[in-house]
Amino acid sequence: MNNSKFLEFRKKYDTFIYDKYEINYDDEYMNIKYYFNIPGLTWFYPQIKINKKYILNQNINNDYLEYLVFNIGLIELVSYFKCTCSPNVIIKAGYINIDQINWLKKLYFNGLGEFLYINNISITMDELMNITCECDKRTLPKIDYVGCGNLISVGGGKDSCVSLEILKNEENNSCFIINPKYPSLECSKVAGYSDEKVVCVERILDRKIVELNNLGYLNGHTPFSSIVAFISYLCCYLQGRKNIVLSNESSANEATVLGTNINHQYSKSYEFECDFNYYTNKYFGLDIHYFSLLRGISEFQIGRLFSNYKHYHSVFKSCNLGSKESTWKWCLNCPKCLFVYIILSPFLYKDELISIFGDDLYEREDLLDMFKEILGYSDTKPFECVGTYSEARYAVSLLIDKLGKENLPYLLKFYLDNYELELDGSEILKYNEENNIDSYYDSLVRKELDKYDK
Numbered sequence: 084m085n086n087s088k089f090l091e092f093r094k095k096y097d098t099f100i101y102d103k104y105e106i107n108y109d110d111e112y113m114n115i116k117y118y119f120n121i122p123g124l125t126w127f128y129p130q131i132k133i134n135k136k137y138i139l140n141q142n143i144n145n146d147y148l149e150y151l152v153f154n155i156g157l158i159e160l161v162s163y164f165k166c167t168c169s170p171n172v173i174i175k176a177g178y179i180n181i182d183q184i185n186w187l188k189k190l191y192f193n194g195l196g197e198f199l200y201i202n203n204i205s206i207t208m209d210e211l212m213n214i215t216c217e218c219d220k221r222t223l224p225k226i227d228y229v230g231c232g233n234l235i236s237v238g239g240g241k242d243s244c245v246s247l248e249i250l251k252n253e254e255n256n257s258c259f260i261i262n263p264k265y266p267s268l269e270c271s272k273v274a275g276y277s278d279e280k281v282v283c284v285e286r287i288l289d290r291k292i293v294e295l296n297n298l299g300y301l302n303g304h305t306p307f308s309s310i311v312a313f314i315s316y317l318c319c320y321l322q323g324r325k326n327i328v329l330s331n332e333s334s335a336n337e338a339t340v341l342g343t344n345i346n347h348q349y350s351k352s353y354e355f356e357c358d359f360n361y362y363t364n365k366y367f368g369l370d371i372h373y374f375s376l377l378r379g380i381s382e383f384q385i386g387r388l389f390s391n392y393k394h395y396h397s398v399f400k401s402c403n404l405g406s407k408e409s410t411w412k413w414c415l416n417c418p419k420c421l422f423v424y425i426i427l428s429p430f431l432y433k434d435e436l437i438s439i440f441g442d443d444l445y446e447r448e449d450l451l452d453m454f455k456e457i458l459g460y461s462d463t464k465p466f467e468c469v470g471t472y473s474e475a476r477y478a479v480s481l482l483i484d485k486l487g488k489e490n491l492p493y494l495l496k497f498y499l500d501n502y503e504l505e506l507d508g509s510e511i512l513k514y515n516e517e518n519n520i521d522s523y524y525d526s527l528v529r530k531e532l533d534k535y536d537k
C-alpha cells in the first residue's frame with residue numbers, strides 16, 4: 084500500500100513548475116538562482132555561487148553558458164519535487180525534447196529509488212511524473228572548444244585521495260569541490276594543490292524545504308552525484324578543462340536492497356556515468372569526457388592503495404555525520420565509519436587504524452547489527468556509500484587469517500563463530516573492464532596497482 088501522505092500530497096499539489104533561472108554577477112561571484120514553484124504551497128529559490136577567479140576560459144559564450152545553467156536546474160529540482168511528488172512537472176525555464184524528458188524520467192525514478200522504498204511508495208517510472216515543456220525551441224550556438232587537463236572531484240574520502248595520488252604528475256589539473264569542508268580542502272592541499280587550483284562551488288539549499296520536511300512533507304535521499312555531474316560540467320567549461328574525473332569504484336553498481344534495482348549509489352553507478360555521457364555528448368556537444376578513474380577497481384583495491392598513502396591518513400574523512408561537526412571527526416557510529424575501518428583493516432590493523440579513528444571498532448558490540456548488514460547477512464545493505472558484501476567479507480577474512488583465531492576482538496570473533504572465511508579474492512582483485520577510462524588513464528591506474536601488488 085502506498086504512503087497515505089504521498090497520495091494526499093499528489094492530489095492536493097498536482098503541479099511542480101520549473102519557472103526560470105537567473106545569472107547575475109557581482110564583484111566576486113557568478114550568482115545563479117532558480118525559481119521552482121508548487122502552486123498552493125510555496126516557491127523555492129536555491130542558489131549556486133561560483134567565484135569569478137575560477138573562470139579561466141577566455142571564450143565563454145553566454146547563450147551556451149545559460150543553457151548549461153538551465154540544465155543544472157533540471158537536476159536541482161529533484162530535491163524540491165520530492166516533498167510532494169507532484170504528478171505534473173512543467174518546464175518553463177527552457178526547452179527540452181521528448182528524448183531529454185525520457186532521460187530525466189529515468190534519472191528521477193532510479194535516483195529516487197531509495198526515497199520511494201523508505202517512504203513505502205510503490206509506483207512505476209511512467210506513473211511517477213508527467214513532464215511537459217512550455218518553452219519554445221532555441222538553436223544553440225556552435226562552440227569551438229578545446230579543453231586540456233583534468234577537473235578532479237574531491238570529496239575528502241579515501242577514494243578521491245587515490246585519484247589525486249594517481250594523477251599527481253599530470254599537468255593542468257584542478258580540484259573541484261561543492262560546499263568545501265575541512266577534509267576535502269586538506270586532502271587537496273596535501274596533494275599539492277594551491278588555493279587557486281581548487282574550484283570551490285557553493286550550493287545553497289532553500290531552507291523552506293527543511294521547514295516542510297519538519298512539517299511532515301516527504302523527505303529522503305536524492306541523486307546528489309547527478310547534481311555534482313552537471314555542476315562539474317559547467318565548471319569544466321568555465322575552467323577550459325577536458326576531463327571531469329570522478330572516483331567511483333565498481334562496487335557502486337551493486338544494489339542496496341537485495342533482489343531489486345534500488346541503489347543508494349545510483350548516480351555513482353556505471354549506468355548513470357554512461358547515461359550522462361550520452362546526454363552531454365548529444366545535447367552539450369563539447370569535447371569533455373566524464374569518467375571515473377577508479378571504475379576498474381574495487382573498494383578493496385582502493386583500500387589497499389590508500390593504506391600506503393600515509394600523508395592523507397590524518398586529514399581524510401569518509402564519515403558524513405562526523406563531517407557536520409566543527410571538529411571534523413569520525414562519528415564511529417555509522418556504516419561509512421565501520422565499512423572504511425573494515426576495508427582498511429587487512430593493511431593497517433591495529434595501531435594505525437586506531438590512530439586514524441580513535442577507537443577499535445572491532446571491539447564495539449553495539450555495532451554488530453551494522454556489521455552484519457555490511458557483510459550481507461541482513462535484508463539490505465546500509466543506505467550509505469559502502470562497498471560490496473564480498474569485499475567486506477574478504478577483508479574481514481584476510482584479517483582473521485592474519486591474526487589467527489585466538490584472542491580476536493568481538494566482531495571478528497562473531498564472524499569466525501558464525502560464518503565461513505572467504506579467502507578467495509580472485510573476483511575482487513580482477514580488473515573491471517566495464518568502464519569509460521581511456522587507454523592512457525587506464526595505464527596509470529594499472530601501474531599504481533602493480534606498484535603495491537602483494
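Each number in my numbering corresponds to the 1-based position in the sequence shown with 83 added. Note that the Cβ used here is the ideal one computed from N, Cα and C, for glycine as well. All values reported here derive from a predicted model rather than from experimental measurement.
Item: Exposed unless 16 or more other CB atoms sit within 10 angstroms - verdict on L451; Value: exposed
Item: Cut-off 6 Å between Cβ atoms - residues of its own chain near Y498, not counting five sequence neighbours on either side; Value: V479
Item: Proximity to K220 [Cα-Cα], best of Y178, S162, T167 and E503; Value: Y178
Item: Length-filtered (4 minimum) alpha helix (DSSP H) runs lying within the region 244-317; Value: 265-273 and 291-297
Item: C166 versus Y300: straight-line alpha-carbon distance, rounded; Value: 5 Å
Item: Nonlocal neighbours in the same chain, by C-beta distance under 7 Å from E111, ignoring five residues either side; Value: N134 and K135
Item: Contact between the region 240-253 and the region 111-121 (3+ Cβ pairs under 8 Å); Value: no
Item: Supposed close pair V161, T305 - CB separation, criterion 8 Å; Value: 5 Å
Item: Helix, strand or coil at N144 [DSSP, three-state]; Value: coil
Item: Exposure of M113, with buried meaning 16 or more beta-carbon neighbours within 10 Å; Value: buried
Item: For C166, the three-state DSSP class (helix, strand or coil); Value: coil
Item: Cβ shell of N140 (< 7 Å), same chain only, five flanking positions each side left out; Value: Y320, L321, Q322 and G323
Item: Sheet register partners of K116 (DSSP bridge); Value: E105 and Q130
Item: Range covered by the beta strand (DSSP E) that runs through Y326; Value: A small fix is needed here, since residue 326 is Asn in this sequence, not Tyr. N326 to L329 is the extent of the beta strand (DSSP E) around N326.
Item: K393 versus I426 - alpha carbon distance; Value: 16 Å
Item: C216 - DSSP class collapsed to helix/strand/coil; Value: strand
Item: Alpha-carbon to alpha-carbon, F198 and M208; Value: 14 Å
Item: Three-state secondary structure (DSSP) of V161; Value: helix
Item: Segment contact, 8 Å Cβ cut-off, at least three pairs: the region 511-523 with the region 443-458; Value: no
Item: Best match in E159, R476 and I437 for proximity to Y104 [C-alpha to C-alpha]; Value: E159
Item: Residue range of the unbroken beta strand (DSSP E) whose run includes F374; Value: H372 to S375
Item: Assumed close pair Y101, I174 - CB separation to whole angstroms, cut-off 8 Å; Value: 5 Å
Item: Test item: CB-CB of Y535 and L436 under 9 Å; Value: no
Item: Check whether D442 and L421 have beta carbons under 9 Å apart; Value: no
Item: Span of the alpha helix (DSSP H) around V172; Value: First-last for V172: N171 to I174, but that is the beta strand (DSSP E), not the alpha helix (DSSP H).
Item: Three-way DSSP call (helix, strand, coil) for S236 in this model; Value: strand
Item: 8 Å Cβ shell around Y163 - same chain, five flanking residues per side excluded; Value: F99, F119, I121, F127, P129, D289 and I292
Item: Touching by the beta-carbon criterion (3+ pairs, under 8 Å), the region 490-508 and the region 352-361; Value: no
Item: Three-pair Cβ contact test at 8 Å for the region 232-241 versus the region 254-274; Value: yes
Item: Endpoints, the alpha helix (DSSP H) within which R93 is located; Value: S87 to K95
Item: Buried versus exposed, by CB contacts within 10 Å (16 or more), L298; Value: exposed
Item: Beta-carbon proximity check, N326 vs H372, cutoff 9 Å; Value: yes
Item: For I121: DSSP bridge partner residues; Value: T125
Item: Contact check, I206 vs L148, beta carbons under 9 Å; Value: no
Item: S87: CB within 8 Å of a non-hydrogen atom of the ligand SAM; Value: Among the components of this structure there are no ligands whatsoever, and the ligand SAM is therefore not found.
Item: Selection from D449, Y108 and F259 that minimises the alpha carbon distance to Y493; Value: D449
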